[in-house]
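Worksheet: the structure to be examined is printed underneath.
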Ligand code: PEP
Ligand code: MG
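Here it is, written out as structure tokens:
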């Protein structure tokens, strides 16, 4: 097979080297239909069985997936989803055909939606349609993805993602979306994924390389490609992992973790870090806003794991690349410039207050800091602080320290205006806004470079402001977990880095090497 490069949209970073697997279509089988009353009962029974199966799956999969599976359960429980199928059954259409047709119409509506969030939910609906059809005895079992393969498919359902072994493999989709539930799972579990590849001519078994971060599928790679892209054998960092991070010049650097779900911490030893620098709470809201008690339980799990180390929990950053059903605004021309993060929370005080109350209550069980995303002007910080003070007074507990993400240029450039308890620089968004290069558009990825001197200057200025005013400044964007960028951040005056857990070993090595002869940038 001749070498061919196919470009798509990055959905989850990482490199997979392997062979292509393709999914066969899931075909419908014939079933014998009964009278309308029997068919209606069969459909309701199949939906209940699917709900039972999904509920069990939510308990059995990692808790990062539970919210997504619960979202599917909520859809199946919605009477509006099944109503058109039941109407068709009453008109003597067999249950399987009625369900398949009703869901196909809804999938088409979702696919035609203007809003990327709704388009991304079409895969969930297709998943539900097949699951119920299987219970009606009208669809074959889920196809199998060979372990370690690079799966090439039109789109992928959460069910198939969850039942497959992706170790060493990757996902290449002709359609799909970086905002889909499968993409969220792929990012959380480190499975490289590219979407929007369009028609790809490749046969099963063909050699391929998938570069999730670059949005690239390489078919028929040559030896030069393989050695350029193959990850070098990982050096053993176990000796460093549990030691505090110190540069060669003796400067201490705090290493913190970025997490989205308490389940990510289950296998980790808290001694590897100085705390949790960023809890993204969007996944907790994936099935709609959770009630106060559910949130308290989730926040406590981070604090219990940390055992007294500081845990910084960010209030909901819905919108932009992190749509949340029922909350983020549909149909914005550019969701990255729209009502996302704190802007949305302030517009929905009834939702924001529940989160603030849960955070105040959870703070009794550890060292909790609250962080606000997408702060643009000091008035937003003041408004959030007033709501937090109200929640704390109502509960009768002190308000935790309130800090801000520095990820909007207006905040970075005028940092002295913000009377926050601490600052956390979000390089993912800061880079996209400073370089005017959207973080989800592969074609402008080379411009979205944290090494851009304009970005580094802003980081250094925030670090100086923090040192002068005695406030901690961390970096919690992806740059903090990139060993190649760590020297630049240290040189900019940053001494707190927050990153994905699997980056800690390499970042500690980069910190230890910093300042040694020959390692200066
Ligand atoms: C960032 O923007 O760098 C950041 C940490 O936040 P998120 O990636 O969740 O937008
Ligand atoms: Mg951000």
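Numbering (this note's numbering), first residue to last: -9 to 511.
Every residue gets a Cβ at the ideal spot worked out from N, C-alpha and C, and that includes glycine.
The structure displayed is predicted, hence computed values, not measured ones.
Over what stretch of residues does the alpha helix (DSSP H) that includes residue i continue unbroken?
i, result
"residue 312", "Looking at the DSSP string, residue 312 is not in any alpha helix (DSSP H), and its letter there is neither H nor E."
"residue 177", "171 to 179"
"residue 293", "282 to 296"
"residue 437", "It is not in any alpha helix (DSSP H) - residue 437 carries neither H nor E in the DSSP assignment."
"residue 184", "No alpha helix (DSSP H) contains residue 184, which is instead part of the beta strand (DSSP E) from 183 to 185."
Have a look at the DSSP bridge pairing and note the partners of residue i.
i, result
"residue 512", "Absent from the structure is residue 512, since the part of the chain shown begins at -9 and ends at 511."
"residue 134", "In the DSSP output, where bridge partners are listed per residue, residue 134 has none listed."
"residue 5", "201"
"residue -5", "208"
"residue 248", "268"
"residue 394", "362 and 413"
"residue 236", "242"
"residue 163", "143"
"residue 0", "184"
"residue 12", "142"
Note down the Cα distance separating residue i from residue j, rounded to an integer number of angstroms.
i, j, result
"residue 350", "residue 369", "22 Å"
"residue 519", "residue 285", "Since the first residue of the chain shown is -9 and the last is 511, residue 519 is not available in this structure."
"residue 327", "residue 184", "24 Å"
"residue 501", "residue 309", "34 Å"
"residue 333", "residue 365", "8 Å"
"residue 264", "residue 244", "6 Å"
"residue 150", "residue 196", "22 Å"
"residue 414", "residue 434", "25 Å"
"residue 200", "residue 436", "18 Å"
"residue 115", "residue 77", "19 Å"
"residue 225", "residue 464", "27 Å"
"residue 18", "residue 44", "Note that residue 18 scores 47 on pLDDT, short of 50, meaning its location in the model is unreliable; the coordinates nonetheless yield the value given after this. One C-alpha to the other measures close to 21 Å."
"residue 354", "residue 339", "23 Å"
"residue 444", "residue 143", "40 Å"
"residue 358", "residue 470", "21 Å"
"residue 467", "residue 267", "10 Å"
"residue 176", "residue 124", "25 Å"
"residue 337", "residue 153", "39 Å"
"residue -8", "residue 9", "15 Å"
"residue 214", "residue 206", "16 Å"
"residue 218", "residue 283", "50 Å"
"residue 105", "residue 242", "46 Å"
"residue 375", "residue 92", "47 Å"
Here's a check: name, in chain order, each residue in its chain whose Cβ is nearer than 6 Å to the Cβ of residue i, leaving out the five neighbours to either side.
i, result
"residue 505", "237, 238 and 239"
Since residue i is in the beta strand (DSSP E), which residue starts that stretch and which ends it?
i, result
"residue 267", "266 to 269"
"residue 413", "413 to 415"
"residue 140", "140 to 143"
"residue 488", "486 to 489"
By Cβ distance, which residues of its chain are closer than 7 Å to residue i, with the 5 residues on each side in sequence left out?
i, result
"residue 84", "23 and 29"
"residue 26", "79, 80 and 82"
"residue 385", "347, 350 and 351"
"residue 107", "169, 313, 318 and 320"
Going along the chain, which residues of its own chain have a beta-carbon closer than 8 Å to the beta-carbon of residue i, five neighbours each way excluded?
i, result
"residue 95", "74"
"residue 511", "Legend: pLDDT at residue 511 = 38, less than 50; position of this residue unreliable, no value from coordinates given."
"residue 188", "-4, -2 and 164"
"residue 422", "326, 428, 429 and 438"
Next item on the list: Decide yes or no for the touch test of the region 376 to 391 against the region 430 to 443: beta carbon pairs closer than 8 Å, at least 3 of them.
Entry: no
Check: Below 8 Å, can you find three or more Cβ-Cβ pairs linking the region 269 to 288 to the region 57 to 65?
Finding: Flag = yes, the region 269 to 288 and the region 57 to 65 touch.
Notebook entry, point to check: For the 8 Å Cβ check, are there 3 or more pairs between the region 28 to 46 and the region 59 to 72?
Noted result: yes
Item checked: Stretch pair the region 486 to 496 + the region 245 to 257: three plus CB contacts closer than 8 Å -> yes
Checklist line | the region 445 to 456 contacting the region 203 to 212, beta-carbon criterion three pairs below 8 Å | finding: no
Next item on the list: Spell out a yes or no on whether the region 152 to 159 and the region 96 to 103 are touching, meaning 3 or more CB-CB pairs, one atom from each, closer than 8 Å.
Entry: Between the region 152 to 159 and the region 96 to 103 there are fewer than three C-beta pairs closer than 8 Å, too few to call the two in contact.
Check: Is the region 253 to 267 touching the region 294 to 303 in the sense that three or more CB pairs, one from each, lie closer than 8 Å?
Finding: yes
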